[in-house]
Amino acid sequence: MPAQRVLMVIDMQNGVFDAPRVNRETCTTRINQLIDAAEKVIFIQHTEPGLEQGSAAFGLLPELIQPADALYVTKTACDAFYRTKLDELLQRHKINEFVVCGCATDYCVDATIKNGASRGYAMTVALDAHTTANRPAALAEVLIEHYNDVWRNFTIPGNTLRVKSTAEILEQW
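Note that my numbering has the sequence shown beginning at 1221, numbered continuously upward.
In structure tokens, the structure reads:
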């Protein structure tokens, strides 16, 4: 049986986007293309002061498609696996392979990818469907390219991270 087409969307929330993020429209368009093609979508949402559950800031961006059968995980740390139900949810649904996209490239997306790879999950990063903000030491575009390169070269024996464009992912799905 072929693997499910599973998409994990990280922190695409109203409050997260209060700070300007590079290529918001393009990024959300690509994420919606992936959502349309996915068989299962998992939305990861961050909560902290200012991003309280139930608040408008905690909510997902209004332009994102939210399938009726989507799964939701709330987290309090950058890493979506840290003290959450994510690992248990993936196991319960027999998911061991998924595509990752979302925000912020250099924080929650990166931390979740690295921990997931260490746990043995087979992941593909949608290289053009994650975003971040400009930082004091680097522009957002530079950070996105940098992390795409880091993930391409991330070493976990027996578990290679794949980094592909949205178009390539959709073609393979």
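All C-beta atoms, glycine included, are put in the ideal place defined by N, C-alpha and C. Here the structure is a predicted model, which means the values were calculated and not measured.
For residue 1322, there is no enclosing alpha helix (DSSP H); the residue is part of the beta strand (DSSP E) that begins and ends at 1317–1323. Counted as a single uninterrupted DSSP element, the beta strand (DSSP E) harbouring residue 1227 occupies residues 1226–1230. Counting every other CB atom within 10 Å of its CB across the protein chains shown gives residue 1366 a total below 16, marking it as exposed. Residue 1392 carries a helical assignment under DSSP once its states are collapsed to helix, strand and coil. For residue 1344, the enclosing beta strand (DSSP E) begins and ends at 1342–1351.
In terms of CA proximity to residue 1336, 1300 leads the group 1277, 1300 and 1251. In the DSSP assignment, residue 1265 falls within the unbroken beta strand (DSSP E) covering 1260–1266. Going by DSSP, residue 1294 is part of no alpha helix (DSSP H) but of the beta strand (DSSP E) stretching over 1291–1295.
In this structure, DSSP gives residue 1241 a state outside helix and strand, which the three-state scheme calls coil.
Between the alpha carbons of residue 1255 and residue 1247 lies a gap of roughly 12 Å. Taking 8 Å as the upper bound for CB-CB distance, residue 1227 and residue 1318 are in contact here, some 7 Å apart. In the three-state DSSP reduction, residue 1280 falls in the strand class (E or B). Membership of residue 1236 in any alpha helix (DSSP H) is not indicated, and neither H nor E is assigned to it by DSSP.
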